[in-house]
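See below for the structure under consideration.
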Amino acid sequence: MESIMKLESLISEMTEIVNATDEVEFNLKLAPNKWSKKEILGHLCDSALNNHARFVKIIISSYPIAIQGYTQDDWVRVNDYQNQYDKSDVLSLWQNINRTILRVLRKAETSDFQKKCVLPDQTEVTLEWLLNDYVAHLIHHLEQIEA
Numbered sequence: 209m210e211s212i213m214k215l216e217s218l219i220s221e222m223t224e225i226v227n228a229t230d231e232v233e234f235n236l237k238l239a240p241n242k243w244s245k246k247e248i249l250g251h252l253c254d255s256a257l258n259n260h261a262r263f264v265k266i267i268i269s270s271y272p273i274a275i276q277g278y279t280q281d282d283w284v285r286v287n288d289y290q291n292q293y294d295k296s297d298v299l300s301l302w303q304n305i306n307r308t309i310l311r312v313l314r315k316a317e318t319s320d321f322q323k324k325c326v327l328p329d330q331t332e333v334t335l336e337w338l339l340n341d342y343v344a345h346l347i348h349h350l351e352q353i354e355a
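Per this note's numbering, the sequence shown runs over residues 209 to 355.
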């Protein structure tokens, strides 16, 4: 599946980008209410944790799973990536969660990707759609970290 291969390549790309980013730039907050690049990567850890649980629940269920949203700013604030993590720690966390997601998805049956879930707005989508959306979200934020 293309999205699985893309996720695998994004792990390498993100690693290179983060490692090439100066520590000062990685920690820089352009405004008090804007995330630093470190916090963006922390947000991607939170997203990965939430999506890992979603993917597993969809795969093991025989009926459409209701997908719950989460308050992204609160997750970043509570985890305090800005002050509690250094660059290598937040990168390692992100890599490991996404490698766990890859293991789950590689083990899934082809038919699992057509299983349904229901978004908070009541739209019904498949696991495949959710995975594609997750990968697009990663690309969006990878571009912010790279900028």
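The beta carbon of each residue, even a glycine, is placed where N, CA and C say it ideally should be.
Owing to the predicted nature of the structure, the values given are computational and were not obtained by experimental measurement.
How far does the alpha helix (DSSP H) with residue i in it reach, from first residue to last?
i, result
"Glu-332", "Taken as a continuous stretch (DSSP letters only), Glu-332 belongs to no alpha helix (DSSP H), being part of the beta strand (DSSP E) at 332-334."
"Lys-315", "295-315"
"Lys-214", "210-228"
"Lys-242", "Counting along the chain, Lys-242 falls outside any alpha helix (DSSP H), and DSSP gives it neither H nor E."
"Asp-281", "280-287"
"Phe-234", "231-235"
Alpha carbons only, please: which of the options is nearest the one belonging to residue i?
i, options, result
"Ile-273", "Val-284, Val-226, Val-286, Asn-259", "Asn-259"
"Phe-234", "Gln-276, Cys-253, Tyr-289", "Tyr-289"
"Asp-282", "Ile-219, Ser-220, Trp-243, Met-209", "Trp-243"
"Pro-328", "Lys-237, Asn-227, Tyr-278", "Tyr-278"
Enumerate in chain order the residues of its own chain whose CB-to-CB distance from residue i is below 8 Å, with the five nearest sequence positions on each side excluded.
i, result
"Glu-216", "Leu-310"
"Gln-322", "Thr-334, Leu-335, Glu-336"
"Glu-332", "Pro-272, Lys-324, Cys-325, Val-326"
Cβ atoms of residue j and residue i: under 9 Å apart, would you say?
i, j, result
"Lys-245", "Ile-353", "yes"
"Leu-350", "Met-213", "no"
"Ala-344", "Phe-263", "no"
"Ile-268", "Val-326", "no"
"Glu-231", "Lys-295", "yes"
"Tyr-342", "Ser-220", "no"
"Leu-313", "Leu-346", "no"
Using a Cβ-Cβ cut-off of 7 Å (strictly less than) and excluding sequence neighbours within five positions of residue i, which residues of its own chain qualify?
i, result
"Ala-256", "Trp-302, Ile-305, Asn-306, Ile-309"
"Val-298", "Lys-246, Leu-249, Gly-250, Cys-253, Tyr-289"
Using a Cβ-Cβ cutoff of less than 6 Å, which residues in the same chain neighbour residue i once the five nearest sequence positions on both sides are dropped?
i, result
"Glu-247", "Val-284, Tyr-289, Gln-290"
May I ask which residues mark the beginning and end of the beta strand (DSSP E) holding residue i?
i, result
"Lys-324", "324-326"
Check the DSSP bridge columns for residue i and list the partner residues they point to.
i, result
"Ala-274", "Val-326"
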